[in-house]
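Colleague:
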Amino acid sequence: MERMKIGKEKFGDFLAALDKQLYAPQKVGETLRFVPITPEDKLDLEFSNTTVPPKSVLFPQTETLYRYELGKTDLNLPDDEAEKVLLGVRPCDARAMAIVDDLFSWDYNDPYYQGKREKTTVVGLACSDPEVNCFCTSVGGGPASTEGLDLLLTDLGEVYLLQPLTEKGNNLCREAAEVLEQATEEDAAAAEKLHQEAAGKIVRKVDTEGVTEKLMELWDHSLWQDLSRACLGCGTCTFLCPTCYCFDIQDEAEGLEGRRCRVWDSCMFAEYTLHASGHNPRPTVRERTRNRVNHKYSYFATKFGKIACVGCGRCINLCPVNIDILNILAEVIKEAI
Ligand code: SF4
Ligand code: SF4
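Numbered according to this note's numbering, the sequence shown spans residues 1 to 337.
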């Protein structure tokens, strides 16, 4: 389908035409995160990026896998997932979904994640004003990158330009055809200009060429001690990273009933690798920080052929002690032979 457009004043009509559960960024306490909305809700898409990435919809922080009752063999599995639309996903976070997809369909097809993913249409919003710590262009992305998206919106001031990218994106445009207009060549050219200008505003950069091998050369280097010393082990950098997917399985029981849940976990927590014997192969922040960076830039890249970092900058913006993954990478590049 060709590019379409819609006046911002009619955007609610576009949403109302979609017979799906809608999710969009909304303020929840101090955080901006994807939550269920209705077409009548006030939408504010003028954000630079959400605090909590949209992975929280497909891979919730706490997810019931099943409910059980002592003495019964039937497991009470969650209901079928509804069709969803994620609205206003930034292109870096959409690329992150494509990375997480690889993990949840690698050695095991995770039915909980895949069930939601298959029924989700991802509507992106091109960035016009990247944040100071964004570095998507260094890791294969860009402010209007389309990987992982079904439909890309570009804010042209009075109107949104809609660029369908997949059959799911085409279907949304068909469902809402009555409120959409055909975009002109001028609209497409204006969007292209905005995309290029946004890419030009990204100031932080890193040369990732050969970084996978360099990280292995520096396994025992003192830089890990020096650059991780301030780490508090709070896990913020991993919980809020759109490509982190570590989880734990926990049971919550009350009386004769209970539920088994999947909950987010973090390799930055001391207990993460603690063995029952008391031995911990990653006993300090040095080993945990090295693992976090190696996982993104070496282990995942070696296994799946792509770096598991999309340059969203959250781990830099939100670390309480200013540990900066770009500074770590710069040090790695400088120290490697
Ligand atoms: S490692 Fe940091 S910059 Fe990279 S995707 Fe995760 S949170 Fe974003
Ligand atoms: S956010 Fe900062 S302090 Fe917290 S675990 Fe990550 S690197 Fe350490």
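Cβ atoms here follow ideal geometry from the backbone N, Cα and C, with glycine treated the same way.
Just so you know, these numbers come straight off a predicted model, no measurement behind them.
1) Measuring alpha carbon to alpha carbon, tell me which residue in 227, 131, 160 is nearest residue 203.
2) On the DSSP bridge list, what partners appear for residue 307?
3) How far does the alpha helix (DSSP H) with residue 61 in it extend, from its first residue to its last?
4) Say yes only if the C-beta of residue 310 is nearer than 7 Å to one or more non-hydrogen atoms of ligand 1, and no if none qualify.
5) What separation, rounded to the nearest whole angstrom, lies between the Cα atoms of residue 333 and residue 3?
6) At a cut-off of 7 Å, would you count residue 242 as near ligand 1, judging by its Cβ distance to the nearest heavy atom?
7) Compute the minimum distance between the beta carbon of residue 148 and the heavy atoms of ligand 1, and state whether it is under 7 Å.
8) Could you name the residues whose beta carbon sits closer than 6 Å to any heavy atom belonging to ligand 2, keeping them in chain order?
9) Using only the heavy atoms of ligand 1, determine whether one of them is closer than 7 Å to the beta carbon of residue 296.
10) Would a check of beta-carbon distances place residue 305 closer than 8 Å to chain D?
11) Should residue 198 be labelled buried (16 or more other beta-carbon atoms within 10 Å of its own) or exposed?
12) Excluding the 5 residues flanking residue 290 on each side, which residues of the same chain have their C-beta closer than 8 Å to its C-beta?
13) Going by DSSP in three states, residue 297 sits in which element: helix, strand or coil?
14) Just tell me which of 266, 65, 167 has its CA closest to the CA of residue 113.
15) Are residue 309 and residue 139 close, meaning C-beta to C-beta below 8 Å?
16) Residue 67: which of 295, 254, 158, 329 sits nearest, CA to CA?
17) From which residue to which residue does the alpha helix (DSSP H) around residue 238 run?
18) Where does the unbroken beta strand (DSSP E) through residue 341 begin, and where does it stop?
19) By the 10 Å Cβ neighbour count, where 16 or more other Cβ atoms means buried, how is residue 249 classified, buried or exposed?
20) Where in the region 3 to 42 do unbroken runs of the alpha helix (DSSP H), each at least 4 residues long, occur, reported from the N-terminal end onward?
21) For the alpha helix (DSSP H) that contains residue 249, what are its first and last residues?
22) What ranges does the beta strand (DSSP E) occupy inside the region 201 to 239, keeping only unbroken runs of at least 3 residues that lie completely in it?
23) Run the proximity test for residue 314: is its beta-carbon closer than 7 Å to any non-hydrogen atom belonging to ligand 4?
24) Could you compute how far the alpha carbon of residue 25 sits from the alpha carbon of residue 9?
25) Between the beta-carbon of residue 34 and the beta-carbon of residue 103, is there less than 8 Å?
26) Suppose you measure from the CA of residue 262 to the CA of residue 62; what does that come to, to the nearest Å?
Modeller: According to the structure shown:
1) 131
2) Paired residue(s): none; residue 307 is not in a bridge.
3) Element bounds for residue 61: n/a, residue is neither H nor E.
4) yes
5) 42 Å
6) At least one heavy atom of ligand 1 lies closer than 7 Å to the C-beta of residue 242.
7) Checking the Cβ of residue 148 against ligand 1 gives no.
8) Every residue passing the under-6 Å Cβ criterion appears here: 231, 232, 233, 234, 235, 236, 237, 268, 319, 320, 321, 323.
9) yes
10) Absent here is chain D; the protein component of the structure consists of one chain.
11) buried
12) 219, 224, 228
13) Helix.
14) 65
15) yes
16) 254
17) 236 to 239
18) Outside the shown range of the chain, which is 1 to 337, sits residue 341, and nothing can be said about it.
19) Burial call: exposed.
20) 11 to 16
21) First-last for residue 249: 247 to 254, but that is the beta strand (DSSP E), not the alpha helix (DSSP H).
22) none
23) With respect to ligand 4, the structure offers nothing, as its ligand set consists of ligand 1 and ligand 2.
24) 19 Å
25) No. Outside cutoff.
26) 6 Å
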